[in-house]
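Everything in the sequence shown is counted per full-length UniProt numbering, starting at 1 for the first residue and increasing by one. Think of the CB as a built atom: it goes at the ideal place given N, C-alpha and C, for glycine as much as any other residue. Here is the structure we will look at, set down as structure tokens.
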Amino acid sequence: MQQPSHVWPENARQQQTYRQPENPSAQFDPQQYERGYTVPPMGIPVTGTTYQYPPQQAYRPAMPAGYADFAFSRPEPTIETRLAAVVSYLVGWLTGLVLILFVKNNRFLRFHAMQSLLFFGGYTVFFIALVRIAEAHVFLLSGFAIFAFVMMNIIACIGWFVGIIGAVSGKYVKLPFVGEWAERFVDGNQNGTVK
Numbered sequence: 001m002q003q004p005s006h007v008w009p010e011n012a013r014q015q016q017t018y019r020q021p022e023n024p025s026a027q028f029d030p031q032q033y034e035r036g037y038t039v040p041p042m043g044i045p046v047t048g049t050t051y052q053y054p055p056q057q058a059y060r061p062a063m064p065a066g067y068a069d070f071a072f073s074r075p076e077p078t079i080e081t082r083l084a085a086v087v088s089y090l091v092g093w094l095t096g097l098v099l100i101l102f103v104k105n106n107r108f109l110r111f112h113a114m115q116s117l118l119f120f121g122g123y124t125v126f127f128i129a130l131v132r133i134a135e136a137h138v139f140l141l142s143g144f145a146i147f148a149f150v151m152m153n154i155i156a157c158i159g160w161f162v163g164i165i166g167a168v169s170g171k172y173v174k175l176p177f178v179g180e181w182a183e184r185f186v187d188g189n190q191n192g193t194v195k
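As structure tokens, then:
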């Protein structure tokens with residue numbers, strides 16, 4: 001008498017034995033695991049049968065730590081380049097302009113020189129405008145001009161200090177408003193020609 005397929009046979013443990021082949025990769029048949037397997041009904045514990053997966057191919061090892069950082073990083077600027085970048089901030093926009101005109105192939109130095117030129121050039125333009133407003137002797141405008149003059153000097157001092165520290169440390173530290181423009185200028189003029 002044949003049992004229906006939905007009834008779990010009582011001697012299921014004897015029917016479901018699996019032996020590991022001696023050479024699994026040579027004798028592997030993926031259909032072997034799907035043939036003749038039925039799920040036991042709820043409540044019947046399954047013991048004694050263990051399923052062993054065939055061996056898998058080993059994966060390629062990952063790249064060593066720090067490899068990507070080294071492969072895509074910019075070269076470290078020399079001490080001479082750092083000192084020249086500091087000089088670009090010392091006298092303001094004038095040294096930045098001189099370095100932009102005469103240094104063509106040093107990205108780090110050109111970045112700091114252009115940033116100094118834009119930052120202190122903008123400071124000079126605002127300074128002249130505030131002096132003209134203060135000379136007009138209009139009460140409300142001259143009071144605003146004096147307050148703006150004090151705030152501008154504080155901002156210029158902080159920008160000067162941050163620029164010098166960035167140049168000494170050999171980092172591309174972007175000042176607000178002008179850092180992005182300086183980077184675009186340097187990236188657009190890698191070969192030193194004006195586009």
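Residue range 107-135 is occupied by the alpha helix (DSSP H) that includes Y123. Taking the CA atoms as reference points, P176 sits about 15 angstroms from N153. Contact between R107 and I100 is ruled out by a C-beta separation of about 12 angstroms, above the 8 angstroms threshold.
With 16 or more neighbouring CB atoms inside 10 Å of its own CB, H112 falls in the buried class. Cβ neighbours of W93 within its own chain (closer than 7 angstroms, five residues either side excluded): S116, L117, F120, G121, T124. Classified as exposed, T78 has fewer than 16 neighbouring CB atoms from the shown chains inside 10 Å of its CB. Taking the Cα of E76 as reference, the smallest distance to any Cα among W181, V168, A182, K174 is reached at V168. Between A145 and A156, the C-beta spacing is not below 8 angstroms.
Distance check between V91 and each of L130, R132, W160 places W160 closest, using alpha-carbon atoms only. For E76, there is no enclosing alpha helix (DSSP H), as DSSP marks it with neither H nor E. The beta-carbon distance between V162 and V178, rounded to whole angstroms, is 12 angstroms. This is too long to meet the 8 angstroms contact definition.
F149 carries a helical assignment under DSSP once its states are collapsed to helix, strand and coil.
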